[in-house]
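Sequential numbering from 0 applies to the sequence shown in numbering that gives the first Met the number 0. Cβ coordinates follow ideal geometry from the N, Cα and C atoms, glycine included. Predicted model, so just to flag it, every value in this text is computed and none were measured. Some notes on the structure that comes next.
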Amino acid sequence: MFRLSFKIPKSVAIAVSGGADSMAVLDFLRKNRNLTVLHYNHGTGVYADQAENLVRKYCTENKITCLVGYNHEEIPKGVSSEAWWRDKRYGWFDGFTDMPIITAHHLDDVAETWLFTSLHGQPRLIPSKRENYWRPFLTTRKKVFENWCTKHRVPYIEDPSNKNNSFMRNYIRNVMMPNAIQVNPGFHKVLKKKVLSNEKYP
């Protein structure tokens, strides 16, 4: 079951990657709303093109406006590819300031971000709103999005890089998070309370 932190307006943009999270949000919100889908093609080869085609096809079939941005630059040497791609993506998103941009960040993202920032001495939660970026699903677990796609037959594509633990976010998700949950099985519930109370940790 989706849990919304706040009411979503009738006219919004949605950042859609083609993954289960954002495709579930798109399918959940598409009825009775004026939606604009924002998809960014990172220029990373076959997967990036497949993701774009999937998003375009879904939007065409459901008569949803779809805008696509493209990256044609090479990653500079010595720069984190994760951070570089994120900056390029958000740099393009930043051009759309006339409406809220909904993202599919969820409670598992909150937990991973908190763990990552804690290890760097500055624990923080993902904010529910930052400028025109709105994250209304921060108290919903990732499995809810996956279950939605399965139940409603919503197409999505898995990013093969998610299994590459050389990326720090993947290492935290795939290696460290199971250990954190073993230490505290209620880890996500603790952070959910923090999100709901809108408190900054600690």
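By the DSSP assignment, the alpha helix (DSSP H) with residue i in it spans what residues?
i    : result
V194 : 186-196
A82  : 80-92
V109 : 106-118
Q181 : 176-182
K142 : 141-151
N173 : Note, N173: premise wrong, no alpha helix (DSSP H); not H, not E.
Within the continuous beta strand (DSSP E) that includes residue i, where are the two ends?
i   : result
V11 : 10-14
To the nearest whole angstrom, what separates the beta carbons of residue i and residue j, a pair I think is in contact under 8 Å?
i    : j    : result
F144 : H105 : 7 Å
T112 : V194 : Between V194 and T112 the Cβ distance is about 11 Å, and since that is not below 8 Å, they are no contact.
R140 : D107 : 6 Å
F136 : F5   : Between F5 and F136 the Cβ distance is about 10 Å, and since that is not below 8 Å, they are no contact.
I63  : L34  : 5 Å
L190 : A110 : 6 Å
L53  : P154 : 6 Å
N61  : T96  : Actually they do not touch by this definition, with Cβ atoms about 25 Å apart.
Can you give me the Cβ contacts of residue i inside the same chain, cut-off strictly under 7 Å, excluding the 5 residues immediately before and after it?
i    : result
V182 : none
Q49  : I156
Give me, in chain order, the residues of the same chain whose beta-carbon lies closer than 6 Å to that of residue i; leave out the 5 immediate sequence neighbours on both sides.
i   : result
W91 : Y39, G68
R55 : C65
S80 : I74
C58 : V36, C65
A47 : N40, H41
Of all Cβ atoms in chain D, is any one closer than 8 Å to the Cβ of residue i?
i    : result
F186 : Of the protein chains in this structure there is only one, and it is not chain D.
For residue i, I'd like the list of residues in its chain whose CB is within less than 8 Å of its CB, leaving aside the five on either flank, ordered along the chain.
i    : result
N164 : Y170, N173, V174
K9   : N31, R32, N33
E51  : G17, H38, N40, V67
Fill in: Continuous beta strand (DSSP E) assignments of at least 3 residues falling wholly in the segment 29-67
Qualifying beta strand (DSSP E) stretches, in chain order: 33-40.
Item to complete: Kindly confirm or deny that the segment 23-33 and the segment 112-121 touch, where touching means at least three C-beta pairs closer than 8 Å.
Response: Taking 8 Å as the limit for Cβ pairs, the verdict is that the segment 112-121 does not touch the segment 23-33.
Discussion item. Whether or not the segment 61-73 and the segment 39-52 are in contact is what I'm after, with contact meaning three or more pairs of Cβ atoms, one per stretch, closer than 8 Å; do they touch?
Written reply: They touch, by the three-pair rule.
Worksheet item: If you pair each beta-carbon of the segment 153-172 with each one of the segment 122-137, do three or more pairs fall below 8 Å?
Response: The segment 122-137 and the segment 153-172 do not touch, with fewer than three beta-carbon pairs separated by less than 8 Å.
Discussion item. Quick test of the definition: if touching needs 3 or more C-beta pairs under 8 Å, does the segment 5-15 touch the segment 90-110?
Written reply: Yes, the segment 5-15 touches the segment 90-110.
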